[in-house]
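A short worksheet on the structure shown next.
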Amino acid sequence: MSVTLPRLVVAAPSTGQGKTTIATGLMAALRRRGLEVSGHKVGPDYIDPGYHALATGRPGRNLDPHLVGESRVVPLLLNGARGAEVAIIEGVMGLYDGRLGTQGFASTAHVAALTDSPVVLVVDIARMSRSAAAIAAGMAAFDERIAVAGVILNRTGSPRNDAEIVAAVEGAGLAVLGLMPRDPELATPSRHLGLVTAAERDGSVALIDRLGSQVAAHLDLDAVLDVARQAPMLDGAPWDPAEHVTPGSSAGAFGAGERPVVAMAGGRAFTFRYAETEELLTAAGCDVVTFDPLADAALPAGTRGVYLGGGFPEVYAGELAANRPLLDDLRAAVEAGVPTVAECAGLLYLAQSLDGAPMAQVLPATAEMASRLTLRYPVATAVGDSVLTRAGEEVTGHEFHRTVTTPASGDGGAGDGHAAAWVIDDAPSGFAGGTLHASYLHVHWAGHPQLAQRFADAVHAATPHDSPVADHTSPDLVLEPTSTAPTDPPRDPLRHHGDAETGDGLLDFAVNVYDGPRPAWLDQTLRDSLTQIDTYPDATAATAALAAHHGRDVEEVLPTAGAAEAFTLIARLRPWRRPVVIHPQFTEPHAALAQAGHDVTTVLCRAENGFAFDPGDVPDDADLVVLGNPTNPTGVLHRASLITALRRPGRLVVVDEAFLDAVPNEPESLLRERDSSSGDLVVLRSLTKHWSIPGIRAGFVVGDPTVIRDLAAQQTPWSVATPALAAMIACSTPQAAAESRERALTLARWRAVLEGGLHARGLEFVPSSAPFVLVRPGEGAH
Numbered sequence: 104m105s106v107t108l109p110r111l112v113v114a115a116p117s118t119g120q121g122k123t124t125i126a127t128g129l130m131a132a133l134r135r136r137g138l139e140v141s142g143h144k145v146g147p148d149y150i151d152p153g154y155h156a157l158a159t160g161r162p163g164r165n166l167d168p169h170l171v172g173e174s175r176v177v178p179l180l181l182n183g184a185r186g187a188e189v190a191i192i193e194g195v196m197g198l199y200d201g202r203l204g205t206q207g208f209a210s211t212a213h214v215a216a217l218t219d220s221p222v223v224l225v226v227d228i229a230r231m232s233r234s235a236a237a238i239a240a241g242m243a244a245f246d247e248r249i250a251v252a253g254v255i256l257n258r259t260g261s262p263r264n265d266a267e268i269v270a271a272v273e274g275a276g277l278a279v280l281g282l283m284p285r286d287p288e289l290a291t292p293s294r295h296l297g298l299v300t301a302a303e304r305d306g307s308v309a310l311i312d313r314l315g316s317q318v319a320a321h322l323d324l325d326a327v328l329d330v331a332r333q334a335p336m337l338d339g340a341p342w343d344p345a346e347h348v349t350p351g352s353s354a355g356a357f358g359a360g361e362r363p364v365v366a367m368a369g370g371r372a373f374t375f376r377y378a379e380t381e382e383l384l385t386a387a388g389c390d391v392v393t394f395d396p397l398a399d400a401a402l403p404a405g406t407r408g409v410y411l412g413g414g415f416p417e418v419y420a421g422e423l424a425a426n427r428p429l430l431d432d433l434r435a436a437v438e439a440g441v442p443t444v445a446e447c448a449g450l451l452y453l454a455q456s457l458d459g460a461p462m463a464q465v466l467p468a469t470a471e472m473a474s475r476l477t478l479r480y481p482v483a484t485a486v487g488d489s490v491l492t493r494a495g496e497e498v499t500g501h502e503f504h505r506t507v508t509t510p511a512s513g514d515g516g517a518g519d520g521h522a523a524a525w526v527i528d529d530a531p532s533g534f535a536g537g538t539l540h541a542s543y544l545h546v547h548w549a550g551h552p553q554l555a556q557r558f559a560d561a562v563h564a565a566t567p568h569d570s571p572v573a574d575h576t577s578p579d580l581v582l583e584p585t586s587t588a589p590t591d592p593p594r595d596p597l598r599h600h601g602d603a604e605t606g607d608g609l610l611d612f613a614v615n616v617y618d619g620p621r622p623a624w625l626d627q628t629l630r631d632s633l634t635q636i637d638t639y640p641d642a643t644a645a646t647a648a649l650a651a652h653h654g655r656d657v658e659e660v661l662p663t664a665g666a667a668e669a670f671t672l673i674a675r676l677r678p679w680r681r682p683v684v685i686h687p688q689f690t691e692p693h694a695a696l697a698q699a700g701h702d703v704t705t706v707l708c709r710a711e712n713g714f715a716f717d718p719g720d721v722p723d724d725a726d727l728v729v730l731g732n733p734t735n736p737t738g739v740l741h742r743a744s745l746i747t748a749l750r751r752p753g754r755l756v757v758v759d760e761a762f763l764d765a766v767p768n769e770p771e772s773l774l775r776e777r778d779s780s781s782g783d784l785v786v787l788r789s790l791t792k793h794w795s796i797p798g799i800r801a802g803f804v805v806g807d808p809t810v811i812r813d814l815a816a817q818q819t820p821w822s823v824a825t826p827a828l829a830a831m832i833a834c835s836t837p838q839a840a841a842e843s844r845e846r847a848l849t850l851a852r853w854r855a856v857l858e859g860g861l862h863a864r865g866l867e868f869v870p871s872s873a874p875f876v877l878v879r880p881g882e883g884a885h
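So in my numbering the end of the sequence shown lands on 885, straight run, no missing numbers.
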C-alpha cells in the first residue's frame, strides 16, 4: 500500500550544530499552528525523543536500521506517525556518519534514503562566513540519493555576516529556510552520558515553549512545510505489534483472558525505553504499569513481571538506596521467580551496590563509575536459554554507559545460579538465569519481537507477587525520655541549636557534622594557616578559588563567616517590606531578620504534603524569600524549577544550600544559575558540616554581582578568618571535589542503613536527601 506522509529529516554536518534545538523547536512551533506532529530520532538515543514527546504530545520514536533492520524502518515510521499531519525526523551525528566500517550504515543519510525523506541541513555559523555555504553545498552533492531541500543557519549574530552567508548558500542553489540567532538560554546542559533528559531537566516544558516561539519567529514555517509536503508517497504498512506477538500464548493456571501486570520502572532515574516495548507487551496480553523507584514503596499490586530499562541511576544512587522498602520488595520478587528483564540502569539497580550505595542486591556484582565512556553498536550472541533468549541466538543492540560491574558477567557457577547473558566482542557480558536477564545491552524489541513474546509468556505463567504493606501504626520499638535530656523548653526557639542538648549517653544527631576524620590535606592546610595569622586576612585568593571551582566570576562570589553571617548581611541589605521565610528550616535567617527589626511572614511546608514546597503559598508582594534546599530538618530536596518560579522583578530569592554538597552529584542546585532577568537569586553554601569544621566558620554567597557588591558593603572588615579562607581554597581543588563526592556517597549509604532500620522498627520518618532524617518517634521520646 502507498501512504502519504509529509516529512523531513533535520540533519547537520556534525554533532553540536543544533539539530536537537531546531528539530524540537520545529515540532513545538508546528504543533502551535494546530498541526498533529510526530517526532522521530535516527539512532538509538533515548534523550532527544523525550524532548520530542514534550513538543508533540506524542511518544518520541527511534528509527535505527542497526537495531530493527532496514525493512522495519518505514513501518515503524508509519506506526509512530499514525494520525499525524507531518513527521519531523531528527538525525544523529553528521549527516553521513554511521557505523564505522560500513560506509554509513544506520546514518542519518541511510534513514533519509530508506524513508525517501527530504533533508533540511542545520549549520552552525557562529565561527564561519562563506565557508558555511561550501559545507552545505558539499553535503548536498556528496550522495545523489540524498535530497538536501534547504538550509537553516544556526547561532547567527552579525547582520552583515548573515547576509554574506545567505547570498553564498543561495548562490550554491540551496534555499535558506531561516536564521536562528544565538540564545544561551536554549542550550541543553550536558551530563556524563550526553544531554540531560527531559524528565530530569527543570523547566523542560518552559524550554520547549521557548524553542517553539524562537523557531516560529526566525524560521519560514510555510517553506519548511512545503519541503515536508514534497516528500513522495511511502510504500508500506504501519508496523503493528499484534502481528508479531500472540496474547497469552502461555497463560498457565491463571486463565487465557487474564492480563498480568508488568511493572515497568520510570521516573527521573529510569527514563530510557522504546515506546514499542510497551506496545509489544500490551499486544501480548500484559498490562504495563509504571512505578517510580525514587518514590514508590512497593511494586505495583499483582506484579507478575518486572522490566527495568535505562536511565541515570548513578545520579540518584543515594536516593535510590534510601528507598529501602522498594529495593527489598524488588529483591523478594526476583528471588521468588517473577520474570525480570534489566537493561543498563536496570542492571545497576539489581547490583549489590552502585558507587558504594546499596542497591537491590540481586546480582553478585558491584557497580562503579568508570573513567571512560563505553559506546558500542554490537551484535550479541546469547550464551544460553533464558527468560529472553535461546542459546546461540544473535541480536543487535547498543551500549552507552560510564559504569562497570565487577564481575562483568555471571560465571554459571552453582553458587549464585547466574550465567553470562551475552558474548559481545568475544567477551562474556551480563547475567542470566531461569527468570532473570540483566545486562548493559539495550535491545529494540521491535527488531527482535521474539524477546517480547518469551518475556510475556513467562509473565503469563508466573505467580503474582504479593508486596508487603508497611504498617507504621504499631511500632515495635518504644523510646523513653532519656535522663540526661533537658526538661525545660528553649528560652528562644529561634536561637536554640541542637548541640545544646548533647551530653553523656546521647548521640548527637542535631549538628549534622560529617562523622568521620577530616582529610589529611585539610588538616595540614588548617595547621599551615596558623603561620599566617600575624597579618590581616585577605579573601582575594579564596574568592578566586571558589569562583573557579563553581564556574562563576569573582564578582559573583563573597566569602563569609559561615552561612550565619550571610543571613545577617541579607537581613541588613534592604528595608524589606515583606520578608518571607519558608519553614520548617534552619532558624538562623528568621532570627537574623527579626534581629534587624523586620516583621517576618512564615510560609509552611506541611507534613500532609510530604513537606513539599508550593510556590503559590508565597505572597505576591514578598520582596525577600528564604528557603533551604535540602531543607533542615525534613531533608526534603525541592525541585530547582519550583524555586526559580519564585523569581520576579524586585524580589530577592535566597536559597540556603548548606547541605547540598552532601547529596551525590548535587541535583537541583542553583549554584550556577546566572540569569537575573526575572528577579535576583543568591545561593548560600557552607563548608562547616561536610568537611567537619564547625569551629571554622567558612561559607560563601553566590549571586548577581550587584547583589554581591551590596552584601560586601554590609560586611565587617576581615570578618572571615585566615583559617576559614585557607579551608575554602583547599576545598575548591579537584582533589577536594573527588573527596566531597565520596563523602556524599558515604552519607547516602549511612542514611540508607538508618532509614532501613527505622522502617524495620515501624518508626515513621520523612524520606530524606540530606545527611539527617526527621523521625516521629512518638510523644515524650527524645
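Even for Gly, the Cβ is constructed at its ideal location relative to N, Cα and C.
Around the C-beta of Trp821, fewer than 16 other C-beta atoms lie within 10 Å, and the residue is accordingly described as exposed. Residue pairing from DSSP leaves Gly665 without any beta-bridge partner. Membership of Val251 in the beta strand (DSSP E) is indicated by the continuous run 251-259. For Ser789, the uninterrupted beta strand (DSSP E) run begins and ends at 783-789, by DSSP.
In this structure Asp724 touches Arg681 by the C-beta definition: roughly 5 Å separates them, less than 8 Å. When the Cα atoms are used, Leu625 and Leu828 turn out to be separated by approximately 12 Å.
Around the CB of Tyr639, fewer than 16 other CB atoms lie within 10 Å, so the residue is classed as exposed. For the set Val507, Leu539, Val482, the Cα lying nearest the Cα of Ile527 is the one of Val482.
Straight through space, the alpha carbons of Thr469 and Leu322 are spaced by roughly 50 Å. Collapsing the DSSP output to three states places Glu496 in coil. Counting the other CB atoms within 10 Å of its CB gives Asp286 a total below 16, which places it among the exposed residues. In the structure shown, the three-state DSSP call for Glu659 is helix. Straight-line spacing of the CA atoms in Gly700 and Thr671 works out to 12 Å. Annotation for Met831: the continuous alpha helix (DSSP H) segment containing it runs 825-833. Going by beta carbons, Pro168 and Pro152 fall outside the 9 Å limit.
Here Val214 really is in contact with Val176; their C-beta atoms are around 6 Å apart, less than 8 Å.
Of the candidates Arg754, Ala710, Val728, Ala710 places its Cα closest to the Cα of Val739. Judged by DSSP in its simplified three-state form, Met367 adopts strand. If you look at Gly142, you'll find it in the beta strand (DSSP E) that goes 140-145. Of the candidates Gly513, Leu337, His551, the residue whose Cα lies closest to the Cα of Leu539 is Gly513. In the DSSP annotation of this structure, the continuous segment of the alpha helix (DSSP H) that includes Asn182 starts and ends at 176-183. Per DSSP, Tyr410 lies in no alpha helix (DSSP H); the unbroken beta strand (DSSP E) holding it starts and ends at 406-411. The beta-bridge partner set that DSSP reports for Gly806 consists of Val785. Assignment of Asp759 by DSSP, reduced to helix, strand and coil, places it in the strand class.
Cβ contact annotation for Arg202 (same chain, cutoff 7 Å, sequence separation greater than five): His169, Phe208, Ala209, Tyr480, in chain order.
Residue pairing by DSSP puts Glu867 in a beta bridge opposite Arg879. Rounded to the nearest whole angstrom, the CA to CA distance from Ala398 to Gly713 is 11 Å. In the DSSP annotation of this structure, the continuous segment of the alpha helix (DSSP H) that includes Ile238 starts and ends at 234-244. When Gly798, Val684, Gly339, Thr123 are compared, the shortest CA-CA separation from Met104 is found for Gly339. When beta bridges are read from the DSSP output, Ser532 appears opposite Trp525.
Following the DSSP letters along the chain, one finds Arg110 inside the beta strand (DSSP E) bounded by residues 110-114. Nearest C-alpha to Thr380 among Glu273, Val391, Ala319: Val391. Exclusion of the five residues before and after Phe689 leaves Gly731, Asn735 as the residues of its chain whose Cβ lies within less than 6 Å of its Cβ. Beta-carbon to beta-carbon, Glu658 and Ile811 are separated by about 6 Å, close enough to satisfy the 8 Å threshold.
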